[in-house]
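Residue numbers (my numbering): 1 to 227.
What follows is a single structure, written as structure tokens, with notes after it.
See the structure below:
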């Protein structure tokens, strides 16, 4: 979740400041070399001083505003990352229930879940009403997060794409269970969901570190991951 520096916008914003400073310098030079009336010299010097000082005041203001804005965006990004991590942890717990995985939850066991074959997942697939309700809640919460933050520059385009694709896989699993109940197709959607969750972790090192801390809070019985 990084903020991008736009050189073109920066240069356009600097043009008025540069012109003002240049104008002040020109007036000082002209006054020094070509004007000998003290009253006119004082007037032009005052104008030149204003042309030099006003841009500096605005530059200091812009810099202060930039620092505040940067800190605010960082806070928003951290908050967004925490919300998404909590949501993904909930989704992982639901997936574990659906495919019958138990035990301590770590990045290793999460990767092991992704390595389970589709045939094995399909044979263990069991979506209870409670699991279906949780899937729907995860899908709706993810939809709200994407809708309200896709254009805020808090999430990168790749992160929005990853989360949107994950939400689509959840929707497809819900629809598959409600209408066709093809276990192999459902297992394929779950496997894709796990892949997108790990892709999310790969897209942001800080989010991955916070997610690792969340994983440590999941205290479960001995793992039973099979392939």
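Every residue, glycine too, gets a C-beta built ideally from N, C-alpha and C.
| task | Spell out whether any CB of chain B is found under 7 Å from the CB atom of residue 183. | result | In summary, chain B is missing from the structure at hand, where a single protein chain is found.
| Neighbour-count burial assignment, residue 204, 16 or more Cβ in a 10 Å radius | As a position in the chain shown, residue 204 is number 204, starting the count at 1. Buried is the call here.
| request: Work out the CA separation of residue 135 and residue 206 for me, nearest whole Å. | output: Translated into positions along the chain shown, residue 206 becomes position 206. Translated into positions along the chain shown, residue 135 becomes position 135. Linking residue 206 to residue 135 through their CA atoms gives a straight-line distance of about 26 Å.
| message | Please report the straight-line C-alpha distance between residue 152 and residue 145, rounded to a whole angstrom. | response | Locating residue 152 in the chain shown gives position 152, where the first residue counts as 1. Locating residue 145 in the chain shown gives position 145, where the first residue counts as 1. One C-alpha to the other measures close to 11 Å.
| Where residue 1 falls, given that 16 or more other Cβ within 10 Å makes a residue buried | For the purposes of this step, residue 1 is identified with residue 1 of the chain shown, where counting begins at 1. With a pLDDT of 49 at residue 1, under the threshold of 50, the predicted position of this residue should be treated as unreliable, and no value is reported.
| query | Taking the alpha-carbon positions, what's the residue 105 to residue 91 distance? | reply | Translated into positions along the chain shown, residue 105 becomes position 105. Translated into positions along the chain shown, residue 91 becomes position 91. Their Cα atoms are separated by approximately 13 Å.
| query | Between residue 143 and residue 27, what straight-line distance do the alpha-carbon atoms span, to the nearest angstrom? | reply | Numbered from 1 along the chain shown, position 143 holds the residue referred to as residue 143. Numbered from 1 along the chain shown, position 27 holds the residue referred to as residue 27. Rounded to whole angstroms, residue 143 to residue 27 spans 59 Å at the Cα level.
| query | Given that a residue counts as buried once 16 or more other Cβ atoms are within 10 Å of its Cβ, and exposed if not, what is residue 8? | reply | As a first step, residue 8 is located in the chain shown; it is residue number 8 there, counting from the start. Counting other Cβ atoms within 10 Å of its Cβ, residue 8 stays below 16 and is therefore classed as exposed.
| field | Opening and closing residue of the alpha helix (DSSP H) in which residue 90 lies | value | Translated into positions along the chain shown, residue 90 becomes position 90. Bounds of the alpha helix (DSSP H) holding residue 90 are 38 to 99.
| query | What residues in its chain sit with their C-beta under 6 Å from that of residue 50, if we drop five residues either side in the sequence? | reply | Here residue 50 is taken as the residue at index 50 of the chain shown, counted from 1. Excluding residues within five positions, none has a Cβ falling inside 6 Å.
| field | Residues of its chain near residue 158, where Cβ-Cβ distance is below 7 Å and the 5 sequence neighbours each way are ignored | value | Along the chain shown, one-based indexing puts residue 158 at 158. Excluding sequence neighbours, residue 158 sits near 203.
| task | With DSSP collapsed to three states, give me the class of residue 259. | result | One cannot answer for residue 259 here, as it falls past the ends of the chain, which runs 1 to 227.
| query | Taking the C-alpha atoms as reference points, what is the distance between residue 190 and residue 147? | reply | For the purposes of this step, residue 190 is identified with residue 190 of the chain shown, where counting begins at 1. For the purposes of this step, residue 147 is identified with residue 147 of the chain shown, where counting begins at 1. Each residue's Cα considered, the two are about 23 Å apart.
| said: Can you check which of these residues, 137, 181, 171 and 85, is closest to residue 212 by C-alpha distance? | reply: In the chain shown, counting from the first residue as 1, residue 212 sits at position 212. Answer by Cα proximity: 85.
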